[in-house]
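In full-length UniProt numbering, the protein residues as written are 1 to 283. Using N, Cα and C, we set each Cβ at its ideal position, and we do this for glycine too. Data first, discussion second: the structure below is written as structure tokens.
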Amino acid sequence: METSDQNGRLHLPDPSLREIISHFYHIYNTADTIPVLKHLSPNLEMLLAFNFGSPISISFNHEQPGNFIVNRVVIIGPLRKMLNYELHAGADAIIVNFKLDGFYRLFHQSLDELTGDGILDPVILTNNNYLNELWEELATLPDLKERLQMLNNYISSLIHTPEEAAKPLLAAEPYFHNPRLQPVKAIAADTNLTERSIQLRFKKYTGYSPKELLRFLRFKAVIHEMLKQPAQHLTVFDLINKYNYHDQSHLIKDFKTFLGTTPLKFIKSLKNNQFCVSGQAEP
Numbered sequence: 001m002e003t004s005d006q007n008g009r010l011h012l013p014d015p016s017l018r019e020i021i022s023h024f025y026h027i028y029n030t031a032d033t034i035p036v037l038k039h040l041s042p043n044l045e046m047l048l049a050f051n052f053g054s055p056i057s058i059s060f061n062h063e064q065p066g067n068f069i070v071n072r073v074v075i076i077g078p079l080r081k082m083l084n085y086e087l088h089a090g091a092d093a094i095i096v097n098f099k100l101d102g103f104y105r106l107f108h109q110s111l112d113e114l115t116g117d118g119i120l121d122p123v124i125l126t127n128n129n130y131l132n133e134l135w136e137e138l139a140t141l142p143d144l145k146e147r148l149q150m151l152n153n154y155i156s157s158l159i160h161t162p163e164e165a166a167k168p169l170l171a172a173e174p175y176f177h178n179p180r181l182q183p184v185k186a187i188a189a190d191t192n193l194t195e196r197s198i199q200l201r202f203k204k205y206t207g208y209s210p211k212e213l214l215r216f217l218r219f220k221a222v223i224h225e226m227l228k229q230p231a232q233h234l235t236v237f238d239l240i241n242k243y244n245y246h247d248q249s250h251l252i253k254d255f256k257t258f259l260g261t262t263p264l265k266f267i268k269s270l271k272n273n274q275f276c277v278s279g280q281a282e283p
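Right, dumping it as structure tokens:
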């Protein structure tokens, strides 16, 4: 199943990869159109971008696109801040969005030192040139469906089973959506691991900490609330009360961290409809 907007279309991976990849996202801009500026909400996911068209300018938070350029294939993440990207005429790229330990299971690359503040050269990160070689094969295929199938096949052929150390973390994913639980303490009780061990494993397999995940999930809920409500009906104080922020400065701090703006400025920006929250299509 697919979902789409004016400059992008979301595609589900093969069923065998649903634990690895949340979705593929095809972004494009037809040859006779002017540049389009888009904004992607942070999602803490690792992104693998294959660009087959005109160069794509990107930046993070309040910076204007142009700090980084995607020409062929790059790695981005964990995506902690809003991603701005400018699509020029002829833009044509596929973004692979990994779930939880999905990136680790493909590349066996520890994520604990990745900041997500820029783009990463896949040759340097993986000590291998195979992603550039894959790009060359993909670029010879004129059809999007063929490219997506090649990506599905390629990832399926290289993916590893979850490491034993990661399994308790994956099994505990529902804990992070239960406000009555303290997830790290609950995982520790289930596994006889120390809380410090759980935190280190999280950083290794996902690139972020349990505390960071909890903070992000609350902020994500705030963004979804703002997107579904008419702008004139939103008040900052309603959001503070509903999502248990200490005060206005606490909410503003999260907005500046994740989006590089304030709640009021963000509400105003929703009118241009250029903000996208990364998600998974319904199966």
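Q. Is it true that the CB of residue 105 sits closer than 8 Å to the CB of residue 160?
A. Yes, Cβ-Cβ distance for residue 160 and residue 105 is below 8 Å.
(Q) Report the start-end ranges of each beta strand (DSSP E) in the stretch 53-121 that is 3 residues or longer and not cut off at the edges. (A) 56-60, 68-70, 73-76, 83-87 and 91-98
Q: Please check the pair residue 93 and residue 50, which I expect to be a contact at CB under 8 Å, by giving their CB distance rounded to whole angstroms.
A: 6 Å
Q: Could you tell me whether the Cβ atoms of residue 82 and residue 42 are closer together than 8 Å?
A: yes
Q.
For the alpha helix (DSSP H) containing residue 241, name the first residue and the last one.
A. 236-242
Q | Same chain only: Cβ atoms within 6 Å of residue 315, ignoring 5 sequence neighbours per side | A | Shown here, the chain extends from 1 to 283; a query on residue 315 therefore has no answer.
Q. Sorted by chain position, which residues of the same chain lie with C-beta nearer than 7 Å to residue 16's C-beta, five sequence neighbours on each side aside?
A. 156
Q) With burial defined as no fewer than 16 other Cβ atoms inside 10 Å of the residue's Cβ, what is the status of residue 241: buried or exposed? A) exposed
Q. Between which two residues does the beta strand (DSSP E) harbouring residue 51 extend?
A. 47-51
Q | Simplified DSSP state of residue 130, which is helix, strand or coil | A | helix
(Q) Please report the distance separating the alpha-carbon of residue 146 from that of residue 227. (A) 34 Å
Q: Using the DSSP secondary-structure output, state which residues sit across from residue 27 in a beta bridge.
A: In the DSSP output, where bridge partners are listed per residue, residue 27 has 8 and 93.
Q: May I have the straight-line CA-CA distance separating residue 75 from residue 258, to the nearest angstrom?
A: Going from the Cα of residue 75 to the Cα of residue 258 covers about 19 Å.
Q: Determine the direct distance from the alpha carbon of residue 12 to that of residue 152, and round the result to whole angstroms.
A: 10 Å
Q: Classify residue 98 as buried or exposed, calling it buried when 16 or more other Cβ atoms lie within 10 Å of its own Cβ.
A: In summary, residue 98 is buried, with 16 or more beta-carbon neighbours lying within 10 Å of its beta-carbon over all protein chains present.
Q. So, using beta-carbon positions, are residue 65 and residue 48 closer together than 8 Å?
A. For residue 65 and residue 48, no; Cβs fall outside 8 Å.
Q. Out of 250, 199 and 207, which has the shortest C-alpha to C-alpha gap to residue 115?
A. 207
Q) Quick one: what does DSSP say residue 250 is sitting in, helix, strand or coil? A) Assigned with DSSP and collapsed to three states, residue 250 falls in helix.
**Q.** Beta-carbon proximity list for residue 248, same chain, < 7 Å, skipping 5 on both sides
**A.** 236 and 240
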